[in-house]
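Asks: Add 914 to a position in the sequence shown, counting from 1, and you land on the number used in the working numbering.
Using N, Cα and C, we set each Cβ at its ideal position, and we do this for glycine too.
Computed from a prediction, not measured in an experiment: that's the story for all the values here.
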Amino acid sequence: MTVENFDVTRIDEAQRVVDRVMSVLGTVDLVVVAAGFLGDADLNVIDAEIVARTITTNFTGPAAVMTAFAQRLTTQGYGRFVVLSSVAGVRVRKTNFVYGSSKAGLDGFAQGLDDALVGTGVSVMVVRPGFVHSKMTVGMKAAPMSTTPEAVADAIVGGLESGAPIVWAPSQLKWVFRVLTRLPRPLWRLIP
């Protein structure tokens, strides 16, 4: 097994890392993009550095790596991206607006990249998990319909097998967010 360590906040190294990976492997069938930093949304705690770190970790860095891989995958004529976004990016809430907005950016970038890749043999699947019991959420109160990493992995496999462009984990969140995205903003602000 070959391991290539990469700090996603080191955007200037993204192309070199992808070039090294491709030189070792030759071809790549699947690129899984899974980076996340929850950060904080308390205006009394956050500062510009925390905001920048959150956005770079969750959006800018992954977008740079995806772009570098997309160029290589289109050259080989096939491949698939699995991009772990979040339901937090579907409609950003005040309690996690920095994280949510960074995942909204990633989600939009991934969908746009998928559109740009039509006809190349390469595609992108966006995964939108809800609250996942993981190291990132230890000590937090679980949200309704919370899930596990294993359940998200199962949803990803199902999405890959079906060719789905977007996967919700759990799948019921798709319907919940169809309603939530239509709430008037004053009502949305009341949701914790």
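(1) Could you give the distance in angstroms between the alpha-carbon of residue 1051 and the alpha-carbon of residue 1101?
(2) Is it buried or exposed for residue 1055, if we count other Cβ within 10 angstroms and need 16 for buried?
(3) Does DSSP put residue 1098 in a helix, in a strand, or in coil?
(4) Where residue 1028 and residue 1104 are concerned, what is the direct C-alpha to C-alpha distance, given to the nearest angstrom?
(5) Would you kindly report the start and end of the unbroken beta strand (DSSP E) that includes residue 993?
(6) For residue 1086, which option in 1067, 1001 and 1071 has the closest C-alpha, if you only look at C-alpha atoms?
(7) Helix, strand or coil, according to DSSP, for residue 986 in the structure here?
(8) Output needed for residue 938: all residues of its chain with C-beta closer than 7 Å, excluding positions within five of it in sequence on either side, in chain order.
(9) State the start and end residues of the unbroken alpha helix (DSSP H) segment that holds residue 936.
(10) Quick one: which unbroken beta strand (DSSP E) runs of 3-plus residues sit fully inside the region 1033-1086? Chain order, please.
(11) Tell me which residues share the same chain as residue 951 and place their Cβ nearer than 7 Å to its Cβ, disregarding the 5 neighbours each side in the sequence.
(12) Please go through the same chain and pick out, in chain order, the residues whose beta-carbon is closer than 6 Å to the beta-carbon of residue 936, but skip the five residues on each side of it.
(13) Using a threshold of 9 Å, state whether the C-beta atoms of residue 943 and residue 1012 are closer than that.
(14) How would you call residue 1032, buried or exposed, if buried means at least 16 neighbouring beta carbons within 10 angstroms?
(15) State the start and end residues of the unbroken alpha helix (DSSP H) segment that holds residue 1027.
(16) If you measure between the beta carbons of residue 1018 and residue 1035, is that distance less than 9 Å?
Replies: In terms of the structure at hand:
(1) 26 Å
(2) exposed
(3) coil
(4) 34 Å
(5) 993-998
(6) 1001
(7) helix
(8) 916
(9) 928-939
(10) 1036-1043 and 1080-1083
(11) 967, 968, 971 and 972
(12) 986
(13) no
(14) exposed
(15) 1011-1030
(16) no
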